[in-house]
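Take 0 as the starting number for the sequence shown in numbering that gives the first Met the number 0 and just add one per residue. Idealized CB from N, CA, C, for every residue including glycine. Note that this is a predicted model, so its numbers are computed, not measured. Just below is one structure, and these are the notes that go with it.
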Amino acid sequence: MKTIDSLNFQNKRALIRVDFNVPLNDNFEVTDETRIRAAAPTIKKILEKGGSVILMSHLGRPKEGPTTKYSLKHIVSTVSKLVGAEVQFADDCIGADAYAKSAALKPGQVLLLENLRFYKEEEKGEVAFAEKLSKHGDIYVNDAFGTAHRAHASTAVIAQFFKEDAKCFGYVMAGEVASINKVINGAEAPFTAIVGGAKVSDKILIIEQLMNKANNILIGGGMAFTFVKAMGGHIGKSLCEDDKLELAKELLAKAKAKGVNLYI
Numbered sequence: 000m001k002t003i004d005s006l007n008f009q010n011k012r013a014l015i016r017v018d019f020n021v022p023l024n025d026n027f028e029v030t031d032e033t034r035i036r037a038a039a040p041t042i043k044k045i046l047e048k049g050g051s052v053i054l055m056s057h058l059g060r061p062k063e064g065p066t067t068k069y070s071l072k073h074i075v076s077t078v079s080k081l082v083g084a085e086v087q088f089a090d091d092c093i094g095a096d097a098y099a100k101s102a103a104l105k106p107g108q109v110l111l112l113e114n115l116r117f118y119k120e121e122e123k124g125e126v127a128f129a130e131k132l133s134k135h136g137d138i139y140v141n142d143a144f145g146t147a148h149r150a151h152a153s154t155a156v157i158a159q160f161f162k163e164d165a166k167c168f169g170y171v172m173a174g175e176v177a178s179i180n181k182v183i184n185g186a187e188a189p190f191t192a193i194v195g196g197a198k199v200s201d202k203i204l205i206i207e208q209l210m211n212k213a214n215n216i217l218i219g220g221g222m223a224f225t226f227v228k229a230m231g232g233h234i235g236k237s238l239c240e241d242d243k244l245e246l247a248k249e250l251l252a253k254a255k256a257k258g259v260n261l262y263i
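Below, the structure is given as C-alpha cells:
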C-alpha cells in the first residue's frame with residue numbers, strides 16, 4: 000500500500016481527494032471539524048515535503064448545480080486554521096480560472112476547489128470529467144475513505160490518468176485500510192463484529208468478508224431497517240434502500256449458510 004511517505008513531492012502539485020462533507024449551521028459555519036482535522040496531517044506532510052496542494056471534495060447533495068448553500072467557500076477559514084496555511088479558493092473545480100490558480104501554486108501553498116457535486120458528472124463517474132480534474136495535479140492522493148467505495152470521477156476513475164509512481168493513499172485512507180485488514184485478516188475466532196451506517200450498498204464487501212471470520216455480526220444504524228424490511232418486518236417511514244432488499248436477503252442467506260449469527 001503506497002502512501003505519501005514513499006513519494007517525492009518537491010516542486011510537485013498534489014491533487015488530494017478529501018472528504019470535507021462537514022455540517023454547517025444557518026450561518027454557514029462548520030459545526031464539526033472532525034473530517035477536516037483528520038485530513039490535516041496528510042496536507043501538512045506534503046507541504047513539508049516541498050509540494051503544493053490542491054484539495055477537492057464534495058459537500059452535501061446539491062441537486063440543481065451550483066448552490067450557495069453547498070459551496071465549499073464556507074469552509075476555507077476552517078481548513079486554513081487546521082492546516083496552518085493560507086488556503087486559496089477556486090469558484091469552480093474545472094475551467095480556465097481553476098486551472099490558472101492550480102498552475103500558479105508555489106511550494107507550500109494550498110488551493111481548495113469548489114464542490115465537485117455541482118457537476119452531475121462526478122457521481123456518474125464520467126471519464127471525461129475525471130480527466131479534466133486530473134489536469135490540476137502532478138500526483139494524485141486519495142484520502143477520502145468515506146467515498147472510496149463509490150465509483151465517482153474523483154475517486155475510482157481519476158486514478159487512471161496518473162502513473163503508478165504518481166498516485167498513492169493519504170494518511171486517513173491508509174489508516175482505515177490497515178484497520179480493516181487487521182480485522183479481516185488478523186482477527187482470531189471467535190469474535191463479534193459491529194457494522195453500522197446508512198446504506199447496505201456501502202458495506203457489502205465488508206460484511207461478506209466478515210462472514211468468513213466472525214461468529215456474530217451486529218447490524219446497526221440506518222442500514223438495519225433495510226434488513227428488517229427484507230425479513231418481513233415493518234419499519235414505518237424509517238430509512239430503507241428498497242432497491243437493496245434482495246441484496247439484504249442474499250446476505251441473510253449467506254450468513255445462515257456459513258453459520259454466522261446476523262443480529263439486526
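I'd like to confirm the pairing. Which residues does DSSP put opposite I216 in its beta bridges?
Here residue 216 refers to the residue found at position 217 when the sequence shown is read from its first residue. DSSP, once it has assigned bridges, lists A192 and L261 as partnering I216.
Unbroken alpha helix (DSSP H) run spanning N114, endpoints:
Locating residue 114 in the sequence shown gives position 115, where the first residue counts as 1. Run containing N114: none; DSSP gives neither H nor E here.
Straight-line Cα distance separating E175 from F168:
For the purposes of this step, residue 168 is taken as the residue at position 169 of the sequence shown. For the purposes of this step, residue 175 is taken as the residue at position 176 of the sequence shown. Answer to the nearest angstrom: the Cα atoms are 11 angstroms apart.
For the alpha helix (DSSP H) holding Q159, just list the boundary residues, first then last.
Here residue 159 corresponds to residue number 160 of the sequence shown, with the count starting at 1. Note, Q159: premise wrong, no alpha helix (DSSP H); not H, not E.
Could you check if M230 is buried or exposed, using at least 16 other CB atoms within 10 Å of its CB as the buried criterion?
Start at 1 with the first residue of the sequence shown, and residue 230 comes out as number 231. Classification of M230: exposed, given that the 10 Å Cβ count is below 16.
Buried or exposed for F190, going by 16 or more other Cβ atoms inside 10 Å?
Your numbering for residue 190 matches position 191 in the sequence shown. So F190 counts as exposed.
Any chance the segment 59-66 sits against the segment 5-19, with 3 or more Cβ pairs inside 8 angstroms?
no
Please state the DSSP three-state secondary structure of I93.
Against the sequence shown, residue 93 aligns to sequence position 94. Correct three-state label for I93: coil.
Neighbour-count burial assignment, I234, 16 or more Cβ in a 10 Å radius:
Working through the sequence shown from its first residue, we reach residue 234 at position 235. So I234 ends up on the exposed side.
In the DSSP assignment, find the unbroken alpha helix (DSSP H) run with E172 in it and report its ends.
By 1-based counting over the sequence shown, the position of residue 172 is 173. A small fix is needed here, since residue 172 is Met in this sequence, not Glu. Run containing M172: Y170 to N180, per the alpha helix (DSSP H) assignment.
Spell out the partners DSSP gives V140 in its beta bridges.
Counting from 1 along the sequence shown, the entry for residue 140 is found at position 141. The partner list for V140 (beta bridge, DSSP) reads I15 and C167.
Backbone CA spacing between G83 and L14 [nearest angstrom]
Stepping through the sequence shown from its first residue, residue 83 is reached at position 84. Stepping through the sequence shown from its first residue, residue 14 is reached at position 15. Between G83 and L14, the C-alpha separation is close to 18 angstroms.
Grouping DSSP H, G and I as helix and E and B as strand, with all else coil, what is M222?
Stepping through the sequence shown from its first residue, residue 222 is reached at position 223. It is helical.
Mind checking who M55 pairs with in its DSSP beta bridge?
Residue 55 sits at position 56 when you count from the first residue of the sequence shown. The partner list for M55 (beta bridge, DSSP) reads R16.
Whose C-beta lies closer than 8 angstroms to the C-beta of V182 among residues of the same chain, with five residues either side of it excluded?
Here residue 182 corresponds to residue number 183 of the sequence shown, with the count starting at 1. Within the same chain, V182 has close Cβ partners A192, L209 and K212.
Which word fits Y262, buried or exposed, when buried means at least 16 other C-beta atoms lie within 10 angstroms of its C-beta?
Translated into the one-based positions of the sequence shown, residue 262 becomes position 263. It is exposed - the Cβ of Y262 has fewer than 16 other Cβ atoms within 10 Å.
Exposure label - N141; buried when at least 16 CB within 10 Å:
The residue labelled residue 141 in the question sits at position 142 within the sequence shown. Answer is buried; the Cβ neighbour count reaches 16.
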